[in-house]
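Chemist:
Number of protein chains: 2
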Amino acid sequence: MCEANAYIIRDGKEELVMEAVDKIEPENDGIQMVNIFGDQKFLRAHIHALFLVNHKIILKE
Amino acid sequence: MCEANAYIIRDGKEELVMEAVDKIEPENDGIQMVNIFGDQKFLRAHIHALFLVNHKIILKE
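So the sequences go chain by chain: C and L.
Under the numbering used here, the first residue of the first sequence carries the number 1, and numbering increases by one thereafter.
Under the numbering used here, the first residue of the second sequence carries the number 62, and numbering increases by one thereafter.
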């Protein structure tokens, strides 16, 4: 499975915000994420970088 | 390996723009992508959606 973990950069550190993310949809004011378990999370953040081979999504506020 | 294929939506259709994408970095005026072979591509587009389990990156101009 190729889901990824989502981290947000806060105070220069990566903080895990959601594991096993499958779907991401940037919206006007943030990011909507859904993981492989069907859990949803909305964050007021934007995509900073994706490292898919390393299963990492980096978000920034 | 968990790279994904990047498609851009043009005229309502998904057009393949890069295979085996590993890294994506949104920039001010577009998207910088690097695939697992080290090839780089810059596109004047933004991330519309990601479907990681299905290895799909959807971009929009």
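Just so it is clear, CB atoms sit at the ideal spot from N, CA and C, and this is done for glycine as well.
(1) Which of the residues in the segment 10 to 33 of chain C, read from start to end, lie with their CB under 8 Å from any CB of chain L?
(2) Per DSSP, what kind of secondary structure is L:Gly99 in: helix, strand or coil?
(3) On the DSSP letters alone, give me the boundaries of the beta strand (DSSP E) that C:Ala6 sits inside.
(4) Cα-Cα, which of C:Gly30, C:Arg10, C:Ile24, C:Leu43 is closest to C:Ala4?
(5) Counting only C-beta atoms, is L:Leu111 closer than 7 Å to chain C at any point?
(6) Using a Cβ cut-off of 8 Å, pull out every chain C residue sitting near L:Glu122, in sequence order please.
(7) Rounded to whole angstroms, what's the CA-CA distance from C:Glu61 to C:Arg44? Just pull it up for me.
(8) Under 7 Å between C-beta atoms, does C:Ala4 make it to chain L?
(9) To the nearest angstrom, report how far apart L:Ile118 and L:Phe112 are at their CA atoms.
(10) Below 8 Å, how does it come out for the segment 26 to 37 of chain C and the segment 75 to 85 of chain L: are there three or more Cβ pairs, yes or no?
(11) What residues of chain L sit near C:Ile36, judged by a beta carbon separation below 8 Å?
Modeler: This is what the structure gives:
(1) Against chain L - using a Cβ distance shorter than 8 Å - the residues of the segment 10 to 33 of chain C are Val21, Asp22, Lys23, Ile24, Glu25, Pro26.
(2) In this structure, L:Gly99 counts as coil in the three-state DSSP scheme.
(3) C:Ala6 -> beta strand (DSSP E) spans 4 to 10.
(4) Across the set C:Gly30, C:Arg10, C:Ile24, C:Leu43, the C-alpha of C:Ile24 shows the shortest separation from the C-alpha of C:Ala4.
(5) Using a CB distance cut-off of 7 Å, L:Leu111 counts as an interface residue toward chain C.
(6) Proximity of chain C to L:Glu122 at the Cβ level (cut-off 8 Å) is not reached, the minimal Cβ distance being about 15 Å.
(7) Straight-line measurement puts the Cα of C:Arg44 at about 6 Å from the Cα of C:Glu61.
(8) Yes, C:Ala4 lies at the interface with chain L (some Cβ there is under 7 Å from its Cβ).
(9) Between L:Ile118 and L:Phe112, the C-alpha separation is close to 6 Å.
(10) Touching, no.
(11) Residues of chain L passing the Cβ test: Val114.
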